[in-house]
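In UniProt numbering, the protein residues as written are 1 to 965.
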């Protein structure tokens, strides 16, 4: 603004007043968004979608502490505050260390919400009214192996346990935090020998269908167990289960040999030992008791059977019940009986069911029969007596062995791992598994079933042939393998406990097919900011993608397509990132971006390396941000110096020029403001800070000051540094006809005297020029015309419009003619005017002054358009000498001496031409200033009238006055 001071006399002074308004910290920072989102995998410290940043704005004055925004974390879930840090100035959130998903509170569901507060650096400090919520989703990694409660389990089961009987339940836990990673399946890796099975979900170990345990054959089984999770990269925990087979008393006592003959003297003393005939029992807890079974048979020496009861023979021998020792019980008599036949019974009192072994003529099995080895057994039987000579007879015995279901199915050689492509159609054969069963009939006829871990119905097996085929649409990316349990069973139509079964485990691996396009995952929704002065090769963005395919099918490479509005400004290279085990596309600058400010885009193509490559594309936008590199350049007018012309006398506030400067920068860096540098004539003008319009603060007068010099500063609003440029503007005022001609009022101009006078008695003689008026206007506005408007004897002179004064009628200096007054000077009044069309208005003056010191009546000292001109009338020798008195009377005394002055006889020299040259060593202007006073003083001294004919000046070679001559 302008301030004006006015005094009582009308004088005024205007100054430019600049008021700088200091910013007060009255605006709190405001976040650009209420919510922010980031994703990080556990055990890593890098966000998957690029840097996680918050941003807030502060409307206080730019560049001051009031508008500088800082950030801090003010709240986080319990125990997690120290896991994160935030850059106080940029707002970028980073992790101090990796996060263990499993240690997060279950209530968080893997999501950590941070509250960020923005605050400025002003005084007082202002905080954002609402905090920004930053949600960080932690992705669970399969980093925990299933762990069994015990590394060693021990269980026991009776050997007569039936199929399906539960033995023990093992238990494991997986500490991973999400499904699939913490879901696992139990299985028996080895040691079961087809005797046991496990429920893959519950961990219950039971007796396999159709399995037969026999402690006497194998009393202990050591199973290697595993629990395998369903993570993408499967992890397995292991333990050992020891199953002890407890004995069941199910074995018959056996005599070896089954028949025994002993000879004894008839005079043997009672209680004497005859023979020791113990039996054996394979059972662990067997306890045998011995007795004589059935009637005792006796034969005399002729081979005839003796009545043992009547003869008392049945009491001849006794047996020790505990050890089977046969002893003499009563006195023997050979004549009554020569051979005594006894059946010894060995009884296992701990057995479930006693079994009898006889020594009679009964046919008993010595060992188990095997139908599969011998379906019929034919053998001779010899019966002989104890006579002398011994008589015998033989017979042929044919035993038909009936088959029982006593053989487990046995799988033929098979591979444990099979492969099938994920694009295999339904019905595609994967494997053919076969088994054999040595039993006959239904006992040996096998059928097949499948048991699949996490069964999703993707595989079926032909019931009778054992061919496994695809039954769904496979997807490698969803599931990479299957553990398949193939069960071969016999005796289909009988009850379950009459079936025998065998189970084998195979793994079906799904082969990856390149059936998934890469998906670019981290293209932001807002343009990526790039500074225009960034160096070539600067990394501006990293592209990442996902491709669930495997191997080369999932290995992604990056390129830029021709779909872009740039001309090769960027290039992309594919680089591996070991931290995420993937390739990334690093985009860098290829060209200088100076002057290319704005929104541009490139199209990124992600292509896998499969045999038939698949790809996808996404557009990535960049915002090339302006950097304040350019000074404003003056366009109107062109700098650095310019001259303009404007009319004088324009009202204050009139537009002088609309200054315009351009700035090659963009945005705020290219916004130009203006001000007048406080120098020279700046206070007489005003400049609009924003528009550049220059106006006059006061009314400008060309005649007072014809030109002005201003220094205009154009500056931009760049941050952090503003750039400026200057223009020196010269303003010349165009004249308007607002000034009257003016004569100077110096001493030498009142009156104005010509350097030479005019001789009396002459006419049509040029007196001189009065063209000495000035008009401060210019060009046509400064034309001056002269008129004779007053003075003495005007009718004797003429004055043309250009100021040439001519004596037109003779003047008698001595006054012999009217006005009959001695005339040495004639006073005239000349008027200067811009109006050249006026008529002459010569008037006859009645009063004649002829006084060089008295102004004519028509002359007004304050009217500078008037000039008082004094014309010197020079004397010519036109009169003879004349005594002042024609008669002189003189008286003398007697004392008058010779040579003594008698009388000063004066002669009038009025008409004589006596000239004196006076030399002044002074400048011409100085001589003119003193000429009048010098002349008057000289007249007083001499008593004569002094007329100055002319003033001459010596000049040097340069045309300047030379005061040395």
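All residues carry an ideal CB built from backbone N, CA and C; glycine is no exception.
- request: Spatial neighbours of residue 488 within its chain, please: CB distance less than 7 Å, with the 5 preceding and 5 following residues excluded, ordered by chain position.
  value: Excluding residues up to 5 positions away in sequence, 409, 411, 435, 446, 448, 501, 502 lie with their Cβ nearer than 7 Å to the Cβ of residue 488 in the same chain.
Residue 429 burial status per 10 Å Cβ neighbour count (16 or more: buried): Counting every other CB atom within 10 Å of its CB across the protein chains shown gives residue 429 a total below 16, marking it as exposed.
- prompt: Which residue or residues does DSSP assign as beta-bridge partners of residue 432?
  reply: Looking at the DSSP output, residue 432 bridges to 467.
field: At least three beta-carbon pairs within less than 8 Å, the stretch 789-805 to the stretch 822-839
entry: Touching, per the Cβ criterion.
field: Range of the contiguous beta strand (DSSP E) that encloses residue 941
entry: Element bounds for residue 941: not the beta strand (DSSP E) but the alpha helix (DSSP H), 924-942.
Residues near residue 616 by beta carbon distance below 7 Å, same chain, minus five either side: Excluding its 5 nearest sequence neighbours in each direction, residue 616 has C-beta neighbours in its own chain below 7 Å: 517, 518, 519, 520, 606, listed in chain order.
task: May I have the straight-line CA-CA distance separating residue 644 from residue 637, to the nearest angstrom?
output: When rounded, the distance between both Cα atoms is 9 Å.
- prompt: At a cut of 8 Å, does the stretch 638-657 reach the stretch 581-596 through at least three beta carbon pairs?
  reply: No, because fewer than three Cβ pairs between the stretch 638-657 and the stretch 581-596 fall closer than 8 Å, the two stretches do not touch.
message: Could you check whether residue 702 and residue 733 sit closer than 7 Å to each other, using their CB atoms as the reference points?
response: Contact annotation: residue 733 and residue 702 have beta-carbon atoms nearer than 7 Å.
- request: Output the boundary residues of the beta strand (DSSP E) element that contains residue 224.
  value: It spans 220-229 - the beta strand (DSSP E) in which residue 224 sits, taken as one unbroken run.
message: I'd like to know whether the C-beta atoms of residue 188 and residue 219 end up nearer to each other than 7 Å.
response: Against a cut-off of 7 Å, the Cβ pair of residue 219 and residue 188 comes out as no contact.
message: Rounded to whole angstroms, what is the Cα-Cα separation between residue 982 and residue 138?
response: There is simply no residue 982 to check, as the chain begins at 1 and stops at 965 in what is shown.
query: DSSP state of residue 793, grouped into three classes?
result: Coil, per DSSP.
Cα-Cα separation between residue 466 and residue 146, rounded to whole angstroms: In this structure, the straight-line span from the alpha carbon of residue 466 to that of residue 146 is close to 33 Å.
- prompt: Taking the C-alpha atoms as reference points, what is the distance between residue 297 and residue 350?
  reply: Going by C-alpha positions, residue 297 is about 30 Å away from residue 350.
field: residue 26 to residue 55 span [Cα, whole Å]
entry: Straight-line Cα distance between these residues: approximately 19 Å.
task: Using DSSP bridges, identify the partner residues of residue 84.
output: For residue 84, which the question treats as bridged, DSSP gives the partners 95.
- request: Tell me whether the beta-carbon of residue 494 lies closer than 7 Å to the beta-carbon of residue 439.
  value: Result no, Cβ atoms of residue 494 and residue 439 do not sit closer than 7 Å.
8 Å CB neighbourhood of residue 858 in its chain, flanking five on each side removed: Non-local C-beta neighbours of residue 858 in its own chain, meaning closer than 8 Å and more than five positions away in sequence, comprise 789, 790, 791, 829, 866, ordered along the chain.
- prompt: Terminal residues of the continuous beta strand (DSSP E) containing residue 664?
  reply: In this chain, residue 664 is not harboured by any beta strand (DSSP E), its DSSP state being neither H nor E.
field: Outcome for residue 42 when other beta-carbon atoms lying within 10 angstroms are tallied against a minimum of 16
entry: It is buried - the Cβ of residue 42 has at least 16 other Cβ atoms within 10 Å.
message: Is it buried or exposed, residue 491, if we count other Cβ atoms within 10 angstroms and call 16 or more buried?
response: The residue is buried, with at least 16 neighbouring Cβ atoms inside 10 Å.
message: Taking 8 Å as the limit between beta carbons, can you name the residues of its chain near residue 597, skipping five residues before and five after?
response: Same-chain partners within the cutoff: 532, 624, 625, 626, 665, 666, 667.
- prompt: So who's on the other strand from residue 868, going by DSSP bridges?
  reply: Answer is 829.
field: Cβ-based neighbour list, residue 234, same chain, cut-off 6 Å, excluding 5 preceding and 5 following
entry: Cβ contact annotation for residue 234 (same chain, cutoff 6 Å, sequence separation greater than five): 228, in chain order.
message: Given a cut-off of 7 Å on the beta-carbon distance, is the pair residue 709 and residue 681 in contact?
response: Their beta carbons are under 7 Å apart, which means residue 709 touches residue 681 by this criterion.
- prompt: So the beta strand (DSSP E) residue 325 belongs to, where does it begin and stop?
  reply: Where residue 325 is concerned, the enclosing beta strand (DSSP E) stretches over 325-328.
- prompt: If you draw a straight line from the alpha carbon of residue 88 to that of residue 128, how long is it in whole angstroms?
  reply: Going from the Cα of residue 88 to the Cα of residue 128 covers about 14 Å.
- request: Count the C-beta pairs between the stretch 720-732 and the stretch 755-762 that are closer than 8 Å, then say yes if the count reaches three, no if not.
  value: A contact between stretches requires three or more CB pairs, one per stretch, nearer than 8 Å, and the stretch 720-732 fails this requirement with the stretch 755-762.
message: According to DSSP, is residue 103 part of a helix, a strand, or is it coil?
response: Shown here, residue 103 sits in a helix according to DSSP, grouped into three states.
query: How big is the Cα-Cα spacing for residue 279 and residue 230?
result: For residue 279 and residue 230, the distance between alpha carbons rounds to 58 Å.
task: Could you tell me the distance, in whole angstroms, from the CA atom of residue 568 to the CA atom of residue 93?
output: Cα atoms of residue 568 and residue 93: separation of roughly 33 Å, rounded to the nearest angstrom.
query: Would the beta-carbon of residue 562 be found less than 6 Å away from any heavy atom of the ligand HEM?
result: Absent from the structure shown: the ligand HEM. Ligands present: none.
query: Where does the unbroken alpha helix (DSSP H) through residue 311 begin, and where does it stop?
result: Residues 308-311.
- request: Output the boundary residues of the beta strand (DSSP E) element that contains residue 237.
  value: Run containing residue 237: 236-246, per the beta strand (DSSP E) assignment.
- request: Quick one: give me the first and last residue of the beta strand (DSSP E) that residue 298 is part of.
  value: For residue 298, the uninterrupted beta strand (DSSP E) segment begins and ends at 288-299.
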